[in-house]
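Q: The opening position of the sequence shown corresponds to residue 619 in this note's numbering, with each subsequent residue numbered one higher.
Here a beta-carbon is modelled for each residue, glycine too, at the ideal position from N, C-alpha and C.
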Amino acid sequence: MNTKELSQTRQNIFCRTPYLTLFVYALLMTVISYVSINTNSQIYDYPFHMARIVGLAQSIANGDLLPNLNFLFTHGSGYAVPMFYGNGVLYIPALVYLVTRVGTVAFASYAFIIMWATATTSYFCLYKMTQNKAKSMLFGMTMAIAFPYFGFGMSAIPPLITPLIYCIYKVIFQDKLNPIPLGIIIALMVQTHIISTLVLAISSLILVLLSANKLTSKKIVSFVFSIVIAVGLSIGFVIQFIEQRLSQTFFVSWGLRDFPFKSKTILDAGNLFEEIMNFDFPLALIFLIIGGGVVYKSLPKIGRQLLVTSVILLVATSNILPWYTVFRYTFLTVFQYSGRLSYFIPAFIIMALFLAEKKRLYKVIAIVQIGFYLVANPFSFLPHVANFKEKYNLTATNHTVMKRQNETADKAFQNPLLTTYWASGSEYFNLSINHKSVQNGTVNQFIYDANQVTVENVRQGYNLLMFDVQLNQEGKSVELTLPRIWYKGYVAEYSAGARGTQPKIAYVPLTSEELQQYKKKYKPNVTQKALNDGRATIAVTHSGTVSVFYKRTSAQIVGFTLQSATWLLLFYLYLHRTLTKYMHKDTI
């Protein structure tokens, strides 16, 4: 057997079991990238997402499989991350943490899931489009490592990018209306990362508009129906999100908020040259030049449109558009910086080049992209190197960073009252939050008049605060501010003779001066402010024992029941269709 035949045989073996090959590939990449996975995004939100994983593990360990709060944040006072930030992709990493009790291993498993899922979905979709297994395999491998910063929230979305493009491609170019698959993709995006969903919605709109001449009323209806299906498949999450947003004014509602960044920096886009120079994925820009200047004519129409979409998104991040003068006063402030809009264009560019009718191009792209990843990540982020020493003055070596993360995770898991995590941008606190209260732990302290009431025997556990109250004058209402951030769903149970109200936020009207300050700073149009950082407050009239905990609301129960029913209905329809096809073939 000559060298060419041997190479062909090996290729056939890999292509014969593509999903197993991609699984092993993702596992291998995870192992060799273990250090970089846990350190290359420490300057982003790596600790925040670590806390999400370990916090979910704590919830599971306490029998709470669908938690509303994460108690690893804010010194055990409860932070509503799960109600605004879907936990779906975190369950396996959380279980890994429960088994290993090693935070960095759990986070690596999170990265593995993303890489494996990205490789698998990318392979499947490109194979459907090209019927070329070898090319599709390399595409899956390339896409798996295209977004290596797993401590950045948007990096959880890549498994859904290629399926999204493929679903649009089927409708626009193949006249195959497939509202259900597209609806599933949208629903999964919404429950994974809302900002990424908005970015991809804008990207998809551009892609569709570039094919406006191919649109028909049936295709438009199909797209609309997909959105309806997506709402049904995520109705529980959506209702929960809306219910909480209506219950109080959150800090995130202030578009030009001054924490953790200064307001003046929000959506302060640079010129096009500056945006290109600061782009996170420089190799993608080289690929874009190749696609636009060398192989553009050999691309199918969808490939060309992906490149054009990429160019539009890249240009749109610059001050060519009125980001600072107009967009920063709109809902687009949720981006915080315009560069989010172009974050996913490496996926569009790579997919476009793999669709090119060039025999060797896709191999070159795969080798260069994977090689660049290896050099820039696992081969650069070595255990005893401090990669961010020069630029950010972070002197700790990668080994030390991981060791500290594991220690913090272990201590916080066991007792979040003593060891806590930073709540990133503090978006889901009340608008009136004092960030110093979060940082120094005073959010987990009682506030009351010691001349009127005594609080004793305080017991704090997972989703439980118990204490005894002794009033100096029975029957007289006395307010207590609790060591819990209030969210709709908190309830208080009174026993041993105690009586009182249900938890709520105490408000006072804004003064005329405060109203002027709010207007000057473009804060939400409100007339009152929360006291004590928006913590839960109760009024007690009789002595006894008080138990405070979070209980799922009626709207949440109805919403997630409907969501589960919708998923079960789709599963039934899929099963029924599959069995019908099988029986039909069997009779033939």
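Out of A729, A1068, Q954, E1092, which has the shortest C-alpha to C-alpha gap to V653?
A: Along the sequence shown, read from residue 1 onward, the residue named residue 653 stands at position 35. For the residues A729, A1068, Q954, E1092, the minimum Cα distance to V653 belongs to A729.
Q: Only counting the same chain, and skipping five residues up and downstream in sequence, which positions put a Cβ closer than 6 Å to that of N1048?
A: Locating residue 1048 in the sequence shown gives position 430, counting from the first residue. If we look at N1048 and ignore the five residues flanking it on each side, its Cβ neighbours are Q866, A1148, G1152.
Q: Roughly how many angstroms lie between the CA atoms of Q809 and Q1070, to the nearest whole one?
A: Taking the first residue of the sequence shown as position 1, residue 809 is located at position 191. Taking the first residue of the sequence shown as position 1, residue 1070 is located at position 452. The straight-line gap from Cα to Cα measures roughly 46 Å.
Q: Spell out a yes or no on whether the region 1080-1094 and the region 731-746 are touching, meaning 3 or more CB-CB pairs, one atom from each, closer than 8 Å.
A: At 8 Å Cβ cutoff, the stretches do not touch.
Q: Below 8 Å, can you find three or more Cβ-Cβ pairs linking the region 842-849 to the region 1023-1030?
A: Cβ pair count under 8 Å is below three, so no.
Q: Whose CA, out of G758, G854, Q676, A994, lies closest to the CA of A1183?
A: Working through the sequence shown from its first residue, we reach residue 1183 at position 565. Closest by alpha carbon: G854.
Q: Kindly list the residues whose CB is nearer than 6 Å to the CB of P711, restricted to its own chain and excluding five residues on each side of it in sequence; keep chain order.
A: By one-based count along the sequence shown, residue 711 stands at place 93. So the list reads I671, A724, S727, Y728, once near-sequence residues are dropped.
Q: For W1104 versus P1127, is the C-beta distance shorter than 7 Å?
A: The sequence position of residue 1104 within the sequence shown is 486, counting from 1. The sequence position of residue 1127 within the sequence shown is 509, counting from 1. The answer is no: Cβ separation not under 7 Å.
Q: Quick check: the Cα distance between K1138 and S960, rounded to an integer number of angstroms?
A: Residue mapping note: residue 1138 aligns to position 520 of the sequence shown, counting from 1. Residue mapping note: residue 960 aligns to position 342 of the sequence shown, counting from 1. Cα-Cα distance, rounded: 31 Å.
Q: If I measure Cβ to Cβ from L806 and keep anything under 7 Å in the same chain, skipping five residues before and after, which residues do I get?
A: Residue mapping note: residue 806 aligns to position 188 of the sequence shown, counting from 1. Closer than 7 Å at the Cβ level, and outside the excluded window around L806, lie L778.
Q: Could you tell me the alpha carbon to alpha carbon distance between V720 and Y1136, rounded to whole angstroms?
A: Within the sequence shown, the letter at position 102 stands for residue 720. Within the sequence shown, the letter at position 518 stands for residue 1136. Taking the straight line from one Cα to the other gives about 45 Å.
Q: Could you compute how far the alpha carbon of S571 sits from the alpha carbon of M772?
A: Examination of residue 571 is not possible in this model, given that the chain is present from 619 through 1206 alone.
Q: Let me confirm a value: E1092 is counted as buried when at least 16 other C-beta atoms fall within 10 Å, else exposed. Which label applies?
A: Here residue 1092 refers to the residue found at position 474 when the sequence shown is read from its first residue. Result: exposed.
Q: Counting only beta-carbon separations shorter than 7 Å, does T948 have a partner in chain B?
A: The structure shown has no chain B; it contains just one protein chain.
Q: Name the one or two DSSP bridge partners that N688 has.
A: By 1-based counting over the sequence shown, the position of residue 688 is 70. DSSP, once it has assigned bridges, lists Y697 as partnering N688.
Q: If you run the structure through DSSP and keep just helix, strand and coil, what is T1129?
A: Here the question's residue 1129 lines up with position 511 in the sequence shown. Of the three classes helix, strand and coil, the one that applies to T1129 here is coil, per DSSP.
Q: With DSSP as the reference, identify every bridge partner of I1123, one or two as the case may be.
A: Locating residue 1123 in the sequence shown gives position 505, counting from the first residue. A1154.
Q: Can you list, in chain order, the residues of its chain whose CB lies under 7 Å from that of N658, leaving out five sequence neighbours each side?
A: Numbered from 1 along the sequence shown, position 40 holds the residue referred to as residue 658. Result list for N658: P766, Y767, N995, F999, in chain order.
Q: By how many angstroms is the C-alpha of N831 removed from the C-alpha of D793?
A: What you label residue 793 is simply residue 175 of the sequence shown in a count that begins at 1. What you label residue 831 is simply residue 213 of the sequence shown in a count that begins at 1. Cα to Cα, D793 sits roughly 13 Å from N831.
Q: Return helix, strand or coil for S1113, following the three-state DSSP convention.
A: Mapped onto the sequence shown, residue 1113 falls at position 495. Here S1113 sits in strand by DSSP.
Q: Would you report the Cα separation of K1054 and V1019, rounded to the nearest angstrom?
A: On the sequence shown, position 436 is the one that residue 1054 refers to. On the sequence shown, position 401 is the one that residue 1019 refers to. Approximately 25 Å, taken between the alpha carbons.
Q: Specify the secondary structure class of I860 as computed by DSSP and reduced to three states.
A: Residue numbering aside, residue 860 sits at position 242 when the sequence shown is read from its first letter. Looking at I860 - three-state DSSP - the assignment turns out to be helix.
Q: For the alpha helix (DSSP H) containing N656, list its first residue and its last residue.
A: For this step, residue 656 is matched to residue 38 along the sequence shown. 652-657 is the span of the alpha helix (DSSP H), which, as asked, contains N656.
Q: Among L1133, K836, I775, which one has its Cα closest to the Cα of L795?
A: In the sequence shown, counting from the first residue as 1, residue 795 sits at position 177. Considering only alpha carbons, the answer is K836.
Q: With hydrogens ignored, establish whether the beta-carbon of G910 is closer than 6 Å to any heavy atom of the ligand MG.
A: Of the ligands one can find in the structure shown there are none, so the ligand MG has no counterpart to examine.
Q: Pick helix, strand or coil for Q1078, following the three-state DSSP scheme.
A: Residue numbering aside, residue 1078 sits at position 460 when the sequence shown is read from its first letter. Correct three-state label for Q1078: strand.
Q: Within 8 Å, do at least three Cβ pairs link the region 1160-1178 to the region 1108-1116?
A: Enough Cβ pairs lie closer than 8 Å, so yes.
Q: List the residues that DSSP assigns as beta-bridge partners of V649.
A: In the sequence shown, the residue the question calls residue 649 occupies position 31. Answer is none; V649 lacks a bridge partner.
Q: Do the region 920-927 and the region 986-993 touch if we need at least three Cβ pairs shorter than 8 Å?
A: Not touching, per the Cβ criterion.
Q: How would you write the range of the alpha helix (DSSP H) that A1148 sits in, first residue to last?
A: Stepping through the sequence shown from its first residue, residue 1148 is reached at position 530. First-last for A1148: 1146-1148, but that is the beta strand (DSSP E), not the alpha helix (DSSP H).
Q: Alpha carbons only, please: which of E892, T927, I732, N1005 is nearest the one belonging to L1210?
A: Examination of residue 1210 is not possible in this model, given that the chain is present from 619 through 1206 alone.
Q: Could you tell me which of K976, Q1057, S1172, T718 sits nearest to K915, measuring between CA atoms?
A: For the purposes of this step, residue 915 is identified with residue 297 of the sequence shown, where counting begins at 1. Among K976, Q1057, S1172, T718, the Cα nearest to that of K915 belongs to K976.
Q: Starting from V707, trace the alpha helix (DSSP H) both ways and give me its first and last residue.
A: As a working note, residue 707 is residue 89 in the sequence shown. Per DSSP, V707 belongs to no alpha helix (DSSP H) and is neither H nor E.
Q: Tell me the DSSP bridge mates of T1072?
A: As a position in the sequence shown, residue 1072 is number 454, starting the count at 1. Q1088.
Q: Roughly how many angstroms separate the alpha carbons of L716 and M747, rounded to a whole number?
A: Within the sequence shown, the letter at position 98 stands for residue 716. Within the sequence shown, the letter at position 129 stands for residue 747. C-alpha separation (whole angstroms): 41 Å.
Q: Enumerate in chain order the residues of its own chain whose CB-to-CB distance from C785 is below 7 Å, with the five nearest sequence positions on each side excluded.
A: Along the sequence shown, one-based indexing puts residue 785 at 167. Excluding positions up to five away in sequence, the list reads N796, P799, L800, I803.
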